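The letter at position 43 of the sequence shown is residue 44 when you use this note's numbering, and the numbering goes up by one with no holes.
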Amino acid sequence: MRRAFLLSLIILLSQPLASATVTILEDSDEDSTGTLSGNYSISEGATWTISGDYEIEVGTSIVVEEGATMVVSGSMDAISPPQLNLASTANVSVPVGYLGESGVVRIDFAETVQFGITIEIDNMSTTDWTGSQFDWNGSLDVDDITINITSHPFQIIAISSVTLSAQGATPVLVDATGLSGEGTSLVIPDRTNAWDIDVQGTLIVTGSVFGASISCAGTCTLDGAQMASTGPIDVTGSISVTDTTLAGGVTDEDIILWDDAEISWSNSTGTGGLTDNWVNILTTRTVGVQNGYVVFYGYGMGYDSSDTSPLTDNHTLEVENQGDGIIEIGSNERMKMVRWQDGNGVEHLESASGKIVLATPWGIYEHNITNLPHVNHFDVELDLPLLSFDSLEASDDEGVINTRLGVMATVTNSGEVPGTFIIDCYYNNGDYVWTQAGIDSLLPENNYGNPVAGSNFTATHLEEWNLILDLDNQRIRTDTFEDLANLGIIVDKKIDANVGSTSTHAIGAGETREIPLNWDSPIEGDLVLECNIWIPDEFTGITVLSDNSGNASTESVSWSEVEDNSTNLILPISIGVIVAIAIYVVMARKKLNEDELKEHLTEIEVSSEDETADDEVGTIE
Numbered sequence: 002m003r004r005a006f007l008l009s010l011i012i013l014l015s016q017p018l019a020s021a022t023v024t025i026l027e028d029s030d031e032d033s034t035g036t037l038s039g040n041y042s043i044s045e046g047a048t049w050t051i052s053g054d055y056e057i058e059v060g061t062s063i064v065v066e067e068g069a070t071m072v073v074s075g076s077m078d079a080i081s082p083p084q085l086n087l088a089s090t091a092n093v094s095v096p097v098g099y100l101g102e103s104g105v106v107r108i109d110f111a112e113t114v115q116f117g118i119t120i121e122i123d124n125m126s127t128t129d130w131t132g133s134q135f136d137w138n139g140s141l142d143v144d145d146i147t148i149n150i151t152s153h154p155f156q157i158i159a160i161s162s163v164t165l166s167a168q169g170a171t172p173v174l175v176d177a178t179g180l181s182g183e184g185t186s187l188v189i190p191d192r193t194n195a196w197d198i199d200v201q202g203t204l205i206v207t208g209s210v211f212g213a214s215i216s217c218a219g220t221c222t223l224d225g226a227q228m229a230s231t232g233p234i235d236v237t238g239s240i241s242v243t244d245t246t247l248a249g250g251v252t253d254e255d256i257i258l259w260d261d262a263e264i265s266w267s268n269s270t271g272t273g274g275l276t277d278n279w280v281n282i283l284t285t286r287t288v289g290v291q292n293g294y295v296v297f298y299g300y301g302m303g304y305d306s307s308d309t310s311p312l313t314d315n316h317t318l319e320v321e322n323q324g325d326g327i328i329e330i331g332s333n334e335r336m337k338m339v340r341w342q343d344g345n346g347v348e349h350l351e352s353a354s355g356k357i358v359l360a361t362p363w364g365i366y367e368h369n370i371t372n373l374p375h376v377n378h379f380d381v382e383l384d385l386p387l388l389s390f391d392s393l394e395a396s397d398d399e400g401v402i403n404t405r406l407g408v409m410a411t412v413t414n415s416g417e418v419p420g421t422f423i424i425d426c427y428y429n430n431g432d433y434v435w436t437q438a439g440i441d442s443l444l445p446e447n448n449y450g451n452p453v454a455g456s457n458f459t460a461t462h463l464e465e466w467n468l469i470l471d472l473d474n475q476r477i478r479t480d481t482f483e484d485l486a487n488l489g490i491i492v493d494k495k496i497d498a499n500v501g502s503t504s505t506h507a508i509g510a511g512e513t514r515e516i517p518l519n520w521d522s523p524i525e526g527d528l529v530l531e532c533n534i535w536i537p538d539e540f541t542g543i544t545v546l547s548d549n550s551g552n553a554s555t556e557s558v559s560w561s562e563v564e565d566n567s568t569n570l571i572l573p574i575s576i577g578v579i580v581a582i583a584i585y586v587v588m589a590r591k592k593l594n595e596d597e598l599k600e601h602l603t604e605i606e607v608s609s610e611d612e613t614a615d616d617e618v619g620t621i622e
């Protein structure tokens, strides 16, 4: 038993330097060589220095807690076999060492090449080649061979090894670490097989790191560091890169800054080519608008300066997000990139713009965003009309049915923009209708049939309602129409009023407008005209009425029929007839007198003429 225990202890002591979980509680320095594996946690206030040269086992994890520091002045290299990633144009240098006059160069690709590439060796080109192994026959009596490969961006091309088989000699295997050249980078093919450093505190690298997945939520400093196959370094805190070389990664950037993370880059070199030194990506990119009818248009957004299609708050089709007034304006990471430094060291800043639009029956309202903010979320509010229904005045308190009565409506727009609105008018003739709340409150004892909201609530319904027994007091209810209206069981029945206006009314910003209406009623009674400003659905959730003053009412108008006054016309008609007869008689008599006078004067004139004749002629005796 004791022997078994000793054997177990020997086995444990013979394991690599750190094969179990280790917590670093105080300052320590690993200044030797060996292998690190397992989980490490550096506690607050402690500094862990790696000044020696260590290989790192697959899956090793190091956490630098807040307030803790890790310093790498030596080297930390992943054990995982690397591969040589190629840019779209790469020149791979293979050491040969004069192996023989002729032989075969076999290139083993990490993955099958699916899109045709061009391979050129010693001025001999093969175009549109696909596959996983490529053989070239030629002279190996050279110090090194350069393989020029041109590929498409549709697939990452990587070489795992090159085999040199000189005629009559043992083949020589050159793995990815033995290859180099322009447009190449040594990387760990699968980041899940690498090791990782989670920095909540401080990380300082002045040595070399290979194959680590680094997450920097605290402060990271790379000063004279050699970082290989560490891309991308994810930064949510801050990072300083000085006199440092970064080479190789599994994405198109060496460093990713998330949201408002900070970076300082000085006299350093990245992977280069199509691989950016760093990019700044927003984890989310949204704009808050007033409701789900508002549409966003983006222009020149992100890494590719892309324009968006019209976007609304439910364009993602996620039911839980519909109607929340939040529009996702970055559909992918490239549209969320707001600044970056390319492989040539040139810094770029997104210069995007946008526009939000609300199309309504009142008009189309727009707001231009000259410079799209480089933040996770921002709000935009449209300037809209703000209307109030000031008054509704009838020209008289009496009216004749089916005859127009003048009514003047006064509306004010205190908003910053004009609008075009419609007025709805109605009156109540004393009837009531069911509400949905009233229907929902019905008890099984009721015998109403199956009423629907908006159907008439009659005296019979009221009687039936009051027959319900009050279970506490065992008495008949005595609710009135008014009681049920106050309870929300019923409401006044609104009947559309004919006011002679179905057109829209335009009103300017800051304007008060009087709108003449002509009301006629088909029924008698004391009626009150009520009018309101119709609010389209497009304004759901938006205040466009000042203090909810979107309606107004006239004083009560008494409507009646025209009285039948035909019997009262007998007297004036009779008087008129008598007067006409009298006038006729007078005129007739006057004419008669004139005729008699004329005849009399004629007789006198004749008589006078006879006498004159007698005097002049005389008698001869």
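Ideal Cβ positions, reconstructed from N, Cα and C, are used throughout, including at glycine.
Here the structure is a predicted model, which means the values were calculated and not measured.
Residue i versus residue j: straight-line alpha-carbon distance, rounded
i: E512; j: G551; result: 16 Å
i: I327; j: V295; result: 10 Å
i: G75; j: N292; result: 57 Å
i: E348; j: R340; result: 7 Å
i: P83; j: T185; result: 12 Å
i: S15; j: S38; result: Its pLDDT being 39, under 50, S15 is placed unreliably by the model, and the measurement read from it follows with that caveat. Roughly 13 Å between the two C-alpha positions.
i: I205; j: E112; result: 35 Å
i: N315; j: Y298; result: 14 Å
i: Q168; j: S209; result: 39 Å
i: G273; j: L312; result: 36 Å
i: E525; j: H462; result: 25 Å
i: T285; j: W259; result: 10 Å
i: S567; j: G400; result: Summary for S567: the model assigns pLDDT 49, below 50, so the residue's position carries little reliability; its value from the coordinates is reported in the next sentence. So the two alpha carbons sit approximately 21 Å from each other.
i: L383; j: H368; result: 6 Å
i: D255; j: T128; result: 31 Å
i: E263; j: V376; result: 14 Å
i: V143; j: I57; result: 36 Å
i: S354; j: N372; result: 5 Å
i: V545; j: A438; result: 27 Å
i: M338; j: I365; result: 31 Å
i: D136; j: P172; result: 13 Å
Chain B contact for residue i (CB, 8 Å cutoff)
i: L373; result: No chain B is present in this structure, which holds just one protein chain.
Rounded distance between the beta-carbons of residue j and residue i, thought under 8 Å
i: N429; j: K494; result: 6 Å
i: F390; j: N533; result: 7 Å
i: I198; j: I63; result: 5 Å
i: L187; j: V97; result: Wrong, their Cβ atoms sit about 20 Å apart, outside the cutoff.
i: S415; j: S547; result: 6 Å
Closest residue to residue i among the options (Cα-Cα distance)
i: G238; options: T245, G219, A248, A226; result: G219
i: M125; options: R335, I146, A111, S133; result: I146
i: E531; options: I491, T503, S557; result: S557
i: T411; options: N345, N403, H506, G439; result: H506
i: E45; options: V59, M338, Q201; result: Q201
i: P517; options: E465, S547, G407, T131; result: G407
i: V288; options: E254, D255, I330, S307; result: I330
i: D253; options: N403, V381, N86, E102; result: N86
i: E539; options: A360, V73, D484, N487; result: A360
i: S630; options: I120, N92, L141, D109; result: The structure shown does not extend to residue 630, since the chain is modelled only from 2 through 622, so no value can be given for it.
i: S554; options: P172, I118, W520; result: W520
i: V106; options: I189, L174, A69; result: L174
Where the beta strand (DSSP E) containing residue i begins and where it ends
i: N467; result: Careful: N467 lies outside any beta strand (DSSP E), inside the alpha helix (DSSP H) at 460-467.
i: N149; result: 145-151
i: F297; result: 296-300
i: T48; result: 48-51
i: Y55; result: 54-57
i: L165; result: 158-167
i: Y41; result: 40-43
i: W520; result: 513-520
i: K356; result: 354-361
i: L36; result: The sequence as given places Thr at residue 36; Leu does not occur at that position. Element bounds for T36: 34-37.
i: Q291; result: Neither: Q291 is in no beta strand (DSSP E) and is coded neither H nor E.
i: M71; result: 70-73
Residue i - containing alpha helix (DSSP H), residue span
i: A438; result: 437-441
i: A486; result: 482-488
Proximity test, residue i beta-carbon vs the ligand ZN heavy atom, cut-off 7 Å
i: Q168; result: In terms of ligand content, the structure shown is empty, and the ligand ZN therefore cannot be addressed.
Taking only runs that begin and end inside the region 364-435, name each unbroken beta strand (DSSP E) of 3 or more residues, in chain order. 364-370, 378-380, 388-395, 399-401, 406-414, 420-422, 424-428, 433-435
Taking the runs of the beta strand (DSSP E) that are 3 residues or longer, which of them lie wholly in the region 95-150? 101-122, 125-141
At 3 residues or longer, and completely inside the region 191-266: list those beta strand (DSSP E) runs for me, N to C. Segments of the beta strand (DSSP E) lying fully in the region 191-266: 196-200, 203-206, 209-211, 213-217, 220-224, 227-232, 234-236, 239-243, 246-250, 254-259.
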